[in-house]
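In my numbering, the protein residues as written are 471 to 547.
Here a beta-carbon is modelled for each residue, glycine too, at the ideal position from N, C-alpha and C.
For clarity, every value in this text was computed on a predicted model and none was experimentally measured.
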(Lines of atoms letter the chains of each structure in order from A and count residues from 1; the text may use other names and numbers.)
(Lines give C-alpha, C1' and ligand atoms only; values in the text may rest on other atoms or scores of the structure.)
Protein backbone atom coordinates (compact mmCIF):
# COMPACT_ATOMS: atom_id res chain seq x y z
CA UNK A 1 0.00 0.00 0.00
CA UNK A 2 1.30 3.46 -0.94
CA UNK A 3 2.02 5.79 1.99
CA UNK A 4 0.51 9.20 1.20
CA UNK A 5 1.37 12.60 2.61
CA UNK A 6 -1.50 14.68 3.99
CA UNK A 7 -1.45 16.89 0.90
CA UNK A 8 -1.56 13.88 -1.44
CA UNK A 9 -4.45 12.40 0.51
CA UNK A 10 -6.42 15.66 0.44
CA UNK A 11 -5.84 15.92 -3.31
CA UNK A 12 -6.89 12.29 -3.81
CA UNK A 13 -9.96 12.78 -1.62
CA UNK A 14 -11.07 15.80 -3.62
CA UNK A 15 -10.39 14.04 -6.92
CA UNK A 16 -12.28 10.90 -5.84
CA UNK A 17 -15.17 13.01 -4.53
CA UNK A 18 -15.48 14.68 -7.93
CA UNK A 19 -15.39 11.28 -9.66
CA UNK A 20 -18.16 10.07 -7.35
CA UNK A 21 -20.31 13.12 -8.12
CA UNK A 22 -19.82 12.56 -11.85
CA UNK A 23 -20.72 8.88 -11.49
CA UNK A 24 -23.86 9.84 -9.56
CA UNK A 25 -24.88 12.20 -12.36
CA UNK A 26 -24.44 9.41 -14.93
CA UNK A 27 -25.59 6.32 -13.05
CA UNK A 28 -27.63 7.67 -10.14
CA UNK A 29 -26.81 7.58 -6.44
CA UNK A 30 -27.30 3.82 -6.19
CA UNK A 31 -25.44 2.91 -9.38
CA UNK A 32 -22.63 0.36 -9.06
CA UNK A 33 -19.98 2.84 -10.24
CA UNK A 34 -21.19 5.51 -7.80
CA UNK A 35 -21.09 3.06 -4.91
CA UNK A 36 -17.61 1.90 -5.92
CA UNK A 37 -16.33 5.50 -5.97
CA UNK A 38 -18.03 6.18 -2.64
CA UNK A 39 -16.30 3.20 -1.04
CA UNK A 40 -12.95 4.29 -2.46
CA UNK A 41 -13.58 7.78 -1.08
CA UNK A 42 -14.43 6.31 2.33
CA UNK A 43 -11.10 4.47 2.36
CA UNK A 44 -9.16 7.63 1.55
CA UNK A 45 -11.00 9.61 4.22
CA UNK A 46 -10.32 6.83 6.72
CA UNK A 47 -6.60 6.96 5.86
CA UNK A 48 -6.59 10.72 6.33
CA UNK A 49 -8.41 10.51 9.66
CA UNK A 50 -6.01 7.85 10.90
CA UNK A 51 -3.03 9.94 9.81
CA UNK A 52 -4.31 13.09 11.50
CA UNK A 53 -5.24 11.20 14.66
CA UNK A 54 -1.72 9.77 14.83
CA UNK A 55 -0.29 13.27 14.37
CA UNK A 56 -2.74 14.72 16.86
CA UNK A 57 -1.42 12.42 19.54
CA UNK A 58 2.12 13.58 18.85
CA UNK A 59 1.58 17.28 18.04
CA UNK A 60 -1.91 18.31 19.23
CA UNK A 61 -2.88 19.19 15.64
CA UNK A 62 -6.66 19.76 15.14
CA UNK A 63 -8.55 16.88 13.54
CA UNK A 64 -10.98 19.08 11.62
CA UNK A 65 -8.68 19.93 8.69
CA UNK A 66 -10.33 17.43 6.35
CA UNK A 67 -13.85 18.59 7.13
CA UNK A 68 -12.83 22.20 6.63
CA UNK A 69 -11.37 21.39 3.20
CA UNK A 70 -14.39 19.36 2.12
CA UNK A 71 -16.84 22.02 3.29
CA UNK A 72 -14.88 24.75 1.49
CA UNK A 73 -14.67 22.62 -1.67
CA UNK A 74 -18.40 21.87 -1.58
CA UNK A 75 -19.30 25.52 -1.05
CA UNK A 76 -17.08 26.71 -3.89
CA UNK A 77 -17.99 23.92 -6.32
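Cβ pair residue i, residue j closer than 9 Å
i	j	result
residue 490	residue 504	yes
Residues of its chain near residue i, where Cβ-Cβ distance is below 6 Å and the 5 sequence neighbours each way are ignored
i	result
residue 494	504
Straight-line Cα distance separating residue j from residue i
i	j	result
residue 517	residue 496	28 Å
residue 520	residue 488	22 Å
residue 480	residue 486	10 Å
Opening and closing residue of the alpha helix (DSSP H) in which residue i lies
i	result
residue 497	476-497
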